[in-house]
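Last residue of the sequence shown: 270 in full-length UniProt numbering, with the numbers rising by one and none dropped.
See below for the structure under consideration.
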Amino acid sequence: MYKKLVTCLESVRKKIDFKPEVALILGSGLGDFADGIKIEQTIDYTEIEGFPVSTVKGHKGRFVFGYVEDTPVVIMQGRVHYYEGYKMSDVVLPTRLMGMLGAKKILLTNAAGGCNPSYKAGDFMMITDHITTGVPSPLIGPNIDELGTRFPDMSEVYSKRLQDVIRKCAAECGVEIQEGVYVQFTGPNYETPAEIRLAQSWGGDAVGMSTACEAMAARHMGMEICGISCITNMAAGISKVELNHKEVQETADRVAKSFKELVTKVVVNM
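Okay, here's the thing in structure tokens:
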């Protein structure tokens with residue numbers, strides 16, 4: 001896996017000499033965020049030797065290198081999900097690659113289902129912690145010593161410093177933000193009502209199919225991490241309607257402007 005990472009790194013370095021400070025993974029509703037920054041260069045995933053390619057509709061599948069105001073960033077415009085059939089080590093390969101390119105901080109975003117009854121569709125939730133019991137750890141297998149220790153500490157995956165930054169930026173943007181625990185399941189099916197009750201009993205506030213595994217890989221590398229979920233629907237058993245991807249996309253699109261404003265301010269202040 002490390003050789004594969006190095007191959008990807010060399011492939012990118014042949015195309016661009018750019019050192020990002022911040023990495024950003026765009027979830028639903030933020031797909032076109034990268035189009036509004038000062039772009040230096042874009043690289044399609046298909047141009048990178050050995051790189052996994054996203055198969056999800058609406059995910060462009062490319063890295064965008066550029067500046068959010070004066071902050072040099074690398075943006076993942078379309079992520080790879082475990083449910084697409086990739087090994088977990090491939091799912092987190094892009095996260096690791098962005099760290100190897102120089103990014104020391106990472107902002108993870110996603111669309112999530114709300115399992116906290118006080119939430120509503122369209123809310124934003126700052127991730128304060130996560131639960132990955134429903135998916136295999138990306139650190140299973142031989143440890144990549146070049147990236148991090150065999151038994152990394154996970155007591156503060158989501159930086160308390162960056163949580164303060166998000167709170168401050170949300171207040172300045174006039175955006176109300178929830179705070180809670182994100183639970184990652186495999187997908188691609190939505191969770192059953194019983195699984196949502198299980199997530200609630202664990203202390204989960206939102207559920208989704210990404211992000212936590214990426215955070216774990218980033219933490220292993222020593223990156224500083226923060227995350228924001230867009231609550232695009234209420235989860236099964238809480239919602240009175242059948243869940244579908246169209247509803248998720250419609251909610252994400254509805255709040256996209258506020259989400260972009262918040263993300264911009266957070267990236268600049270990280």
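We put the beta carbon where it would ideally sit given N, CA and C, even for glycine.
All values reported here derive from a predicted model rather than from experimental measurement.
Here the stretch 108-116 lies against the stretch 201-217, with 3 or more beta-carbon pairs under 8 angstroms apart. Counting only runs of 3 or more residues that sit fully inside the stretch 119-195, the beta strand (DSSP E) segments are 124-131 and 177-184, in chain order. DSSP lists no beta-bridge partner residue for residue 249. In this structure, residue 12 keeps its C-beta atom at 7 angstroms or more from the C-beta atom of residue 73.
For residue 76, the CB contacts under 6 angstroms within the same chain, skipping 5 residues up- and downstream, are 25 and 94 in chain order.
Assigned with DSSP and collapsed to three states, residue 265 falls in helix. Distance from the CA of residue 132 to the CA of residue 183, rounded to the nearest whole angstrom, comes to 6 angstroms. A distance below 8 angstroms between beta-carbons, with the five flanking residues on each side excluded, links residue 46 to the following residues of its chain, in chain order: 53 and 61. Per the C-alpha coordinates, the member of 173, 146 and 68 positioned closest to residue 124 is 173. Contact between residue 19 and residue 102 holds: their C-beta atoms lie close to 4 angstroms from each other, under 8 angstroms. Residue pairing of residue 239 in beta bridges, as defined by DSSP: 236. Of the other Cβ atoms in all chains shown, fewer than 16 fall within 10 Å of the Cβ of residue 39; this residue is therefore exposed. Below 8 angstroms, too few C-beta pairs join the stretch 194-203 and the stretch 139-150 to call them touching: fewer than three.
Between the alpha carbons of residue 185 and residue 83 lies a distance of about 9 angstroms.
In this structure residue 120 is exposed. Its beta-carbon is surrounded by fewer than 16 other beta-carbon atoms within 10 angstroms. Boundaries of the beta strand (DSSP E) around residue 76: 71-77. By the criterion of a C-beta distance shorter than 6 angstroms, residue 247 is surrounded in its chain by 233, once the five residues flanking it on both sides are discounted. Here DSSP, grouped into helix, strand and coil, assigns residue 222 to coil. Under the three-state reduction of DSSP, residue 230 is assigned to strand. Around the beta carbon of residue 265, 16 or more other beta carbons lie within 10 angstroms, which makes this residue buried.
Apart from the 5 residues on each side of it in sequence, residue 255 sits with its Cβ closer than 7 angstroms to the Cβ of 29, 122 and 230 in its chain, given in chain order. Per the coordinates, the alpha-carbon of residue 206 lies some 33 angstroms from the alpha-carbon of residue 70. Taking the CA atoms as reference points, residue 251 sits about 32 angstroms from residue 154.
Under the DSSP assignment, residue 24 falls in the beta strand (DSSP E) whose first and last residues are 22-25.
Residue pairing by DSSP places residue 44 opposite 62 in a beta bridge.
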